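So the structure is just underneath, and the comments pick up after that.
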Amino acid sequence: MDFTSQLVKRYKSIFSLPSQNTLTFEILVLSVLAGVASYWMAIGADGWKIGLVDGLISFAATGFACSAIISRSKLEERFLTLRRSLGFILFGILFTYVGILMGSFFSRLLADPLILERVYYLSCGVVVAYSYVVMSSVSNSPTHKILLKSVLQPFSIVIAHSAVILWIKQEFYPERILAFFLVALTSLIASKWFYTKLETVGERTSGLGSISLFKSFIGSLILEDNELLEKDLQKISVVKDVEVKTITLKNREGEAMLVAPLVHPGPFKNVGGASLPTKIAEKLGETGKVPIIFHTPTTHEQDPILSGDCERITEAILRTQNARGMSTASAATSVKVGNITATVQIFGDTPLAVISRSPIPTEDLPYEINEICLKKMREFGYSDGIVVDAHNSMEATYEPLTSEDCSNIVMALERALEGISPNGKLSAGFAQLKLEEFSRREGIGEGGIMALVTEVDGRKSAFVSIDGNNMISGLREKILAKLRVAGYEVSEVATTDTHVVTGTTGGQGYFILGKAIPEAIILEKVLQAVRLAESNRSDCLVDFSKTRVESVHLLGEEGLKVLWRTTEKTIVSAKRNLIILLGAPISVALILYLLF
């Protein structure tokens, strides 16, 4: 798994919560359990009645009230929904329960029920440290408002518990409320120090504060607001010119454009170039052209991280001018060497080479593959060409590309070029089939299935591109088998590697094609798209074009490493300083326990 995927997985896992109803039930159960178990252990069999009342009022009632207040407030903007607020409150109850459970244990051990009461208030003060760290990490509100939200739940528990004890036992402990405030103050000071330490780690590593970067990721992953994250990523980006290669195809039925941008669709969801393949397909469709979008050998180092740059790339494609049209092409040929398959067809005087390692689970082919393939094409007399990473085989894990694979890519391409037949008259058809019954969550972008069929000298071939992020291993072979039966001697199926489907589900973060959408449906839809393209096939003119887009901000190798180092160092710092964050309020609580 690459750095970017690991980063997204780390950030996304923080927000993996059960449903709202489940959280509500868990709060209720934990509250009753905390109250009953604590008082039963501290007082004996009769304690469960006090504990039941205290659990329902001090924990459950205050918890639900605090969740409602936090989720309905505009202080935390859009992040703290009711569901996330309930999750925040649930962990607050859990941490408080740990403290009072220890108090009840020593109450029983030393036969002193008052130990529980003394520890109860002190535990609430310690939990303020948790509340402040969470609130300050997810909210952009002013500091004084974050402070108020941080003490809301612990203070509510203290007030409610004091009322319950006064009602049931006619006892009131003002000195213990004072002790709570002193521990809470210590927690806030320790939390502020902890926050500053983590922020400084990022500033020293990347110039980006760790918590600030975390908030930017929240804005993008959860709230779909990319402005802050794009600004952060721009600070560590590299600026380069990028190329976009296209082949325009015109027949009697219409026009299609095969597009191969030398940038990578990423980093994730709607950030930067994540949606670039999908948007290009949509924009071309709006102009009446059938899109056929391919993924080139690029990795997350080539991620364009500014939406403005992606718009410029798209506009450059739309402005592509056709200089001439050629009516010839070679028949497609396919050669397999080791694990590598190279499928090649010459359009006019421009080779199109699609590289696949299926059925071996494979991530992105590196940018260097594009260079070595173009070098090989030039050796055969072609001035330029298009190299495509089919990106068509994946499982939960993948096998890294080996040096042997790289050698086999060159060898397979060389043998394919050697076996290319002389150009003949080109007949081609193209079609786009949108899978409107499925969505990004199931792993398919709005580009749907894009198909190009060709016939040269009676030999038919099909190139299919699906707007998804890779496909389940073995599915590609099933599709090609169906196409052979349908009369297509040489075929290849690829994905666009669109990242609009990422960050939409748990676990891997997205569904590769064939996971959520049944394989049978994908097979049926691919054949439907190919048949539609075949029905539109006629004599065709082709035209190759290359466009350079200047000064595009790319994530770059160093940018990826900086993000990863910042995340790793922040985690290490958090673990190392956690003992101080918790140790300070706990130490003060122990002193106050002895005093009060």
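Its first residue numbered 243, the sequence shown is counted upward by one per residue in my numbering.
Quick reminder that beta carbons are idealized off the backbone N, C-alpha and C, glycines included.
Fair warning: this is a prediction, and the values are worked out from it, not measured in the lab.
Do the segment 271 to 282 and the segment 340 to 349 touch if we need at least three Cβ pairs shorter than 8 Å?
yes
Of all the beta strand (DSSP E) runs that stay within the bounds of the segment 548 to 628, which reach a length of 3 or more residues?
Segments of the beta strand (DSSP E) lying fully in the segment 548 to 628: 575 to 579, 582 to 589 and 592 to 598.
Which residue spans inside the segment 309 to 358 form an unbroken alpha helix (DSSP H) run of at least 4?
324 to 352
On the DSSP bridge assignment, give the partners of K811 in chain order.
DSSP lists no partner for K811.
N- and C-terminal bounds of the beta strand (DSSP E) containing T737
Element bounds for T737: V732 to T737.
What does a CB cutoff of less than 6 Å around N564 pick up in its chain, not counting 5 residues either side in sequence?
T490 and D785
Counting only runs that start and end within the segment 759 to 821, where is the beta strand (DSSP E) found for 3 or more residues in a row?
783 to 796
Who are the near neighbours of A405 in its chain, counting only those whose CB is closer than 8 Å to its CB and skipping five residues on each side?
Non-local C-beta neighbours of A405 in its own chain, meaning closer than 8 Å and more than five positions away in sequence, comprise I299, ordered along the chain.
Taking just the CA atoms, how far does S381 sit from R773?
53 Å
Within the same chain, show all residues whose beta-carbon is closer than 7 Å to that of R554, passing over the 5 residues directly before and after it, in chain order.
For R554, where only same-chain residues beyond five positions count, the Cβ hits under 7 Å are V791.
Any contact between the segment 648 to 660 and the segment 478 to 498? By contact I mean 3 or more CB pairs, one from each, below 8 Å.
no
Presumed contact (8 Å Cβ cut-off) between V742 and T575, rounded CB distance
Actually they do not touch by this definition, with Cβ atoms about 34 Å apart.
Would the beta-carbon of I534 fall within 8 Å of that of F672?
Taking the C-beta atoms as reference points, F672 is found nearer than 8 Å to I534.
Quick one: which unbroken alpha helix (DSSP H) runs of 4-plus residues sit fully inside the segment 443 to 520? Chain order, please.
452 to 463 and 469 to 477
The segment 432 to 450 touching the segment 365 to 382, judged by at least three CB pairs closer than 8 Å:
yes
Going by alpha carbons, who is nearest to Q770 out of S793, C615 and K724?
K724
Do I597 and I614 count as a contact pair if the criterion is CB distance below 8 Å?
no
May I have the straight-line CA-CA distance separating I833 from G367, to the nearest angstrom?
13 Å
Alpha-carbon to alpha-carbon, I342 and A421
15 Å
Expressed to the nearest angstrom, what Euclidean distance is found between the alpha-carbon atoms of E469 and Q544?
20 Å
Kindly say whether L470, judged by its beta-carbon, lies nearer than 8 Å to any beta-carbon of chain D.
Any reference to chain D falls outside this structure, which holds one protein chain only.
Go ahead and label K391 buried or exposed: buried means 16 or more other beta carbons lie within 10 angstroms of its beta carbon, across all protein chains shown.
buried
Thinking C-alpha only, which one of T812, F321 and K817 is nearest G451?
The residue with the shortest Cα to Cα distance from G451 is T812.
If I measure Cβ to Cβ from E761 and keep anything under 6 Å in the same chain, skipping five residues before and after, which residues do I get?
L717
Between the CA atoms of A571 and L796 - distance to the nearest angstrom:
35 Å
If we require 4 or more residues per run, which alpha helix (DSSP H) segments fall completely within the segment 358 to 439?
Contiguous alpha helix (DSSP H) elements confined to the segment 358 to 439 occur at 385 to 411, taking only those with 4 or more residues.
Assuming the contact rule is C-beta atoms closer than 8 Å, L643 and L616 should be a hit. Round their C-beta distance to whole Å, please.
Not confirmed; about 18 Å, so no contact.
What first and last residue would you give for the beta strand (DSSP E) that runs through A693?
I691 to V698
Considering only DSSP beta bridges, list what F671 is partnered with.
Rather than Phe, the amino acid found at residue 671 in this sequence is Gly. V695, per the DSSP bridge assignment.
Smallest Cα separation from S635: which of I691, G710, V629 and V652?
G710
Through-space distance from S383 to L317, alpha-carbon basis
Residue placement at L317 is flagged as unreliable, the pLDDT there being 44, under the threshold of 50; the coordinate-derived value follows with that caveat. The alpha-carbon atoms of L317 and S383 are separated by roughly 6 Å.
Alpha-carbon to alpha-carbon, V400 and G293:
Rounded to the nearest angstrom, the two C-alpha atoms are 15 Å apart.
Based on the DSSP secondary-structure assignment, which residues constitute the bridge partners of G666?
A571
Bridge partners - M713, DSSP secondary structure assignment:
L755
Are the beta-carbon atoms belonging to L694 and K492 less than 8 Å from one another?
no
Straight-line CA distance for S681 to E688?
8 Å
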